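A.B. asks:
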Amino acid sequence: QKEVEQNSGPLSVPEGAIASLNCTYSDRGSQSFFWYRQYSGKSPELIMFIYSNGDKEDGRFTAQLNKASQYVSLLIRDSQPSDSATYLCAVYYGGSQGNLIFGKGTKLSVKP
Amino acid sequence: SAVISQKPSRDICQRGTSLTIQCQVDSQVTMMFWYRQQPGQSLTLIATANQGSEATYESGFVIDKFPISRPNLTFSTLTVSNMSPEDSSIYLCSVGGSVYEQYFGPGTRLTVT
Chain U
28 QKEVEQNSGP LSVPEGAIAS LNCTYSDRGS QSFFWYRQYS GKSPELIMFI YSNGDKEDGR
88 FTAQLNKASQ YVSLLIRDSQ PSDSATYLCA VYYGGSQGNL IFGKGTKLSV KP
Chain G
0 SAVISQKPSR DICQRGTSLT IQCQVDSQVT MMFWYRQQPG QSLTLIATAN QGSEATYESG
60 FVIDKFPISR PNLTFSTLTV SNMSPEDSSI YLCSVGGSVY EQYFGPGTRL TVT
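Residue numbers (the working numbering), protein chains in the order written: chain U, 28 to 139; chain G, 0 to 112.
1) Cα-Cα, which of Gly106(G), Glu100(G), Ser52(G), Pro105(G) is closest to Met75(U)?
2) Does the Cβ of Arg35(G) have 16 or more other Cβ atoms within 10 Å, making it buried, or fewer, making it exposed?
3) Could you tell me which chain G residues have their CB closer than 7 Å to the CB of Gln124(U), listed as they occur along the chain?
4) In terms of alpha-carbon separation, which member of Gly130(U), Gln124(U), Asp105(U) lies closest to Val137(U)?
5) Any C-beta of chain U sitting closer than 8 Å to the C-beta of Thr68(G)?
6) Is it the case that the stretch 118 to 138 of chain U contacts the stretch 11 to 21 of chain G, given that we only count it when at least three CB pairs across the two stretches are under 8 Å?
7) Is DSSP giving Asp10(G) helix, strand or coil here?
8) In its own chain, which residues sit with a C-beta less than 6 Å from the C-beta of Ser4(G), not counting the 5 before and 5 after it?
9) Output the distance between the C-alpha atoms of Pro38(G) and Gln27(G), rounded to the nearest integer angstrom.
10) According to the Cβ coordinates, are Tyr63(U) and Pro71(U) closer than 8 Å?
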């Protein structure tokens, strides 16, 4: 059974610090990896995707992928209180586009 | 990305009744999906809404309980039938993007009493 694991948190970091969110997945054939941000009471919003080993940077966000270790992470630099949300990791493992498995999410709290 | 709207945004329903949720996209999309997110949980795919044919349901979800329509490339409906309190959840539609990502509508918050 294909699984995506995340630490549920809450992860608490001070404003201006780096927040590190981690995700592991079970299927070695997984092809693409996505990070979603979900504010309380809102729907998930796509913030990053990555499909090659290494780092991908977009503004304050960096996604890191290590397929050998089946591990993907999201770094948020200069964390702001507005980054406080639940971050969902999603893994596409091929075939139908609906084959997107979501983790349960990590709740991030950025303290002013 | 496409702009996605859902109606209603929230509803409170009596057990045994049915509710139809609408999902409208501002551009034609091939792939549309319906998810459920129960309180404090992650997203669970209910089905893929196929244009012009029957929806493809995931394990644990059946057409009699969650009938889906997809009459064209911009619109879909999900009906939650014969509701029970266990159906209280947020229901989300999503559309597929070019690199297998998905974009979500604002969701419908359903409470069954």
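Positions of the beta carbon are idealized from the N, C-alpha and C atoms, including for glycine.
Quick caveat: nothing in here was measured; it's all calculated off a predicted structure.
C.D. replies: Reading from the atomic positions:
1) In the first sequence, counting from the first residue as 1, residue 75(U) sits at position 48. Comparing Cα-Cα distances from Met75(U) to each of Gly106(G), Glu100(G), Ser52(G), Pro105(G), the minimum goes to Glu100(G).
2) Numbered from its first residue, the second sequence carries residue 35(G) at position 36. Buried, because 16 or more other Cβ atoms sit within 10 Å of the Cβ of Arg35(G).
3) To locate residue 124(U), count along the first sequence from 1; it is residue 97. Near Gln124(U) (Cβ distances below 7 Å), the residues of chain G are Met30, Gly95, Tyr99.
4) Reading the first sequence from its first residue, position 110 is the one you call residue 137(U). The candidate whose alpha carbon is nearest that of Val137(U) is Asp105(U).
5) Indexing the second sequence from 1 puts residue 68(G) at position 69. What sits at residue 68(G) in the sequence shown is Ser, not Thr. Closer than 8 Å: no.
6) no
7) As a working mapping, residue 10(G) is identified with position 11 in the second sequence. Asp10(G): strand per DSSP, three-state reduction.
8) If you number the second sequence from 1, residue 4(G) lands on position 5. Within the same chain, Ser4(G) has close Cβ partners Gln23.
9) Here residue 38(G) is taken as the residue at index 39 of the second sequence, counted from 1. Here residue 27(G) is taken as the residue at index 28 of the second sequence, counted from 1. Using only the alpha carbons, I get a separation of about 31 Å.
10) In the first sequence, residue 63(U) corresponds to position 36, counting from 1. In the first sequence, residue 71(U) corresponds to position 44, counting from 1. The answer is yes: Cβ separation under 8 Å.
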